[in-house]
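To keep things clear, I will list the structure first and then write my remarks on it.
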Amino acid sequence: MQIFQKPANKVGGEFSFDGDKSISHRLVLISVLLRYEICLSNLSRCEDVKTSLKAVQKLGVRVREIGDFTYLDGSEVKEHSTDSEPIELYCGNSGTTARLLCGILACLKGNYILTGDESLSKRPMERVAQPLRRMGVDITCSNNDCFPVIIKSTGKTKSIIFENITNSAQVKSAVELASLALCKGEPPTQIIETNPGRDHTARLLKQINLKQPVIKSFTIPGDPSSAAYFAGAAALFNNSSVNLKNILLNKSRIGFYEILQKMGAEVEIISNNSTYEPYGDIVVKGKKLRGITITGDQIPTMIDEVVLLGIIMSFADGISEVSGARELRVKESDRIAALIIGLKQLNIICEEREDGFVIKGQNILNGSLKSNENILLKCFNDHRLCMSFAILALKSSNGLLISDSECVNISFPGYFERLKNFILE
Ligand code: S3P
432 MQIFQKPANK VGGEFSFDGD KSISHRLVLI SVLLRYEICL SNLSRCEDVK
482 TSLKAVQKLG VRVREIGDFT YLDGSEVKEH STDSEPIELY CGNSGTTARL
532 LCGILACLKG NYILTGDESL SKRPMERVAQ PLRRMGVDIT CSNNDCFPVI
582 IKSTGKTKSI IFENITNSAQ VKSAVELASL ALCKGEPPTQ IIETNPGRDH
632 TARLLKQINL KQPVIKSFTI PGDPSSAAYF AGAAALFNNS SVNLKNILLN
682 KSRIGFYEIL QKMGAEVEII SNNSTYEPYG DIVVKGKKLR GITITGDQIP
732 TMIDEVVLLG IIMSFADGIS EVSGARELRV KESDRIAALI IGLKQLNIIC
782 EEREDGFVIK GQNILNGSLK SNENILLKCF NDHRLCMSFA ILALKSSNGL
832 LISDSECVNI SFPGYFERLK NFILE
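Going by the working numbering, the sequence shown opens with residue 432, and the numbers climb by one from there.
In structure tokens form, the structure reads like this:
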């Protein structure tokens, strides 16, 4: 469905957000391996996390929703023989469900077949299969790298030394989860990373005992990747500000906010507390922005915000450059190509690079970019592109049409309604 996003002159407000999607996935998926019930509050209500919930239900987890709480009970999850009928687990659009599930299934004896939607079916799975195979898991990808993925699991694994060359947090998590089933006497698995990304799995595993409850209840802090669109929009307008409440402040996730500050926006990070993950409030105010260079070592801490940064760079003074971001080409769409196509439709001077892009910013804090209502930006059913293009539309003179608007439900149901409330003038 196409949506017309109208322009704005001023934005502002105070918002809280559903729980972080990455942490939500991990808590839901790990419930398969827990022999007791956990209680989650502020679990993300997005489509991707619903996909993880359905998958764990199929494996035998009992899911109850009472008010704002979600109870997950893995005590009835059963192992199966390795020659039983395969259990099909549908992973929808969710790379996180697919890749983390591979690690979980390595710990649960049985036969499984993982399937996904059109976009997920094109995404690389060998990156997870390879280390798991070295850990002793019988795992096969179709056409060498893709879905369906077939796993015959004995429920026991061997330890490895794993070099995470793509810096993927999903792959790292799969290896960490599979290591929960190491055979007796195996040394711990070692993971080597040059530019470490999100560490939510390791943090959770420190809190969890598979057999006996240590902590049974988890409040999930607001998703910094969802909040980023509102922070980015506030940064683009004079006299505009946003107060983002109870946001996850894990260092491996807030690179975008640090870059926004370096570009000249006023960004205040107020830490509230730290439980298993740190959280707090973020206040962002619009100021004149300058261009910036981002290199590969910084990418993992802002991997899901790079497209949005591309939009913000289009309004900053001077040249901005992103390199070392090749991973964006294997996300829900080829995000580098799609961003550049969109920016060029608005005559923004930019260039696609194999591992990033260069943008010549227009430096317009008090004004908008010339557009006409007939421009249709294609987001290739990719939620992050769709939400980023909506921020571009706010800064356009006449608004913009954006394709596939329903795809925002993948990570942020209600996004466009929120954005409507955010526009003050
Ligand atoms: C995620 C890791 C990142 C990120 C994705 C969620 C996670 O993917 O882009 O949205 O929850 O671990 P990669 O691990 O492929 O970089």
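The C-beta atom is built at its ideal place from N, Cα and C for all residues, glycine as well.
Here the structure is a predicted model, which means the values were calculated and not measured.
- request: Check whether the Cβ atoms of leucine 471 and leucine 635 sit closer than 8 Å, and answer yes or no.
  value: no
For lysine 637, the nearest candidate out of Tyr707, Leu770, Val442 (CA to CA): Tyr707
task: Kindly list the residues whose CB is nearer than 6 Å to the CB of asparagine 840, restricted to its own chain and excluding five residues on each side of it in sequence; keep chain order.
output: Glu478
message: Between serine 483 and serine 525, how many whole angstroms is the CB-CB distance? I'm expecting something under 8 Å.
response: 7 Å
- prompt: Thinking C-alpha only, which one of Ile581, Leu691, Ala658 is nearest glycine 845?
  reply: Ala658
query: By Cβ distance below 6 Å, which residues in the same chain neighbour serine 828 in space, the five residues on each side in sequence not counted?
result: Ser799, Lys801, Ser802
query: Any chance the CB of aspartate 813 is under 7 Å from a heavy atom of the ligand S3P?
result: no
message: Please report the distance separating the alpha-carbon of leucine 774 from that of asparagine 626.
response: 29 Å
field: isoleucine 734 to isoleucine 646 span [Cα, whole Å]
entry: 30 Å
message: Can you give me the C-alpha to C-alpha distance between arginine 849 and isoleucine 743, rounded to a whole angstrom?
response: 19 Å
query: Is any heavy atom in the ligand S3P found nearer than 7 Å to the beta carbon of alanine 612?
result: no
query: Are three or more beta carbon pairs between the segment 486-495 and the segment 686-697 nearer than 8 Å?
result: no
task: Run through the segment 750-799 for me and flag every whole alpha helix (DSSP H) of 4 or more residues, listed as ranges in chain order.
output: 766-776
Chain-order list of residues whose beta-carbon lies under 6 Å from that of leucine 611 (same chain, five-residue window excluded): Cys538
- prompt: Relative to the C-alpha of tyrosine 710, which residue among Asn681, Gln729, Gly717 is closest?
  reply: Asn681
- prompt: Cα separation between cysteine 572 and asparagine 703?
  reply: 44 Å
- prompt: Can you give the Cα-Cα distance for glutamine 729 and arginine 629, rounded to whole angstroms?
  reply: 12 Å
- prompt: By Cβ distance below 6 Å, which residues in the same chain neighbour glycine 741 in space, the five residues on each side in sequence not counted?
  reply: Leu770
message: Measuring only from the beta carbon, is isoleucine 734 closer than 7 Å to any heavy atom that is part of the ligand S3P?
response: yes
Beta carbon of isoleucine 833 nearer than 8 Å to that of phenylalanine 820: yes
- prompt: Taking the alpha-carbon positions, what's the alanine 747 to phenylalanine 811 distance?
  reply: 26 Å
- prompt: Could you check where the beta strand (DSSP E) with leucine 503 kicks off and where it finishes?
  reply: 500-504
field: Alpha carbon of isoleucine 596 to alpha carbon of glycine 498, nearest angstrom
entry: 42 Å
- prompt: lysine 553 to alanine 560, Cα distance in whole Å?
  reply: 15 Å
message: I want to check one thing, is the minimum distance from the CB of histidine 511 to the heavy atoms of the ligand S3P below 7 Å?
response: no
message: Within 8 Å, do at least three Cβ pairs link the segment 581-596 to the segment 505-519?
response: yes
Test item: CB-CB of valine 714 and asparagine 677 under 8 Å: no
- request: Express the C-alpha separation of arginine 815 and glutamate 624 in angstroms, rounding to a whole number.
  value: 26 Å
message: By alpha-carbon positions, which one of Ala486, Phe435, Leu825, Asp712 ends up nearest to isoleucine 854?
response: Leu825
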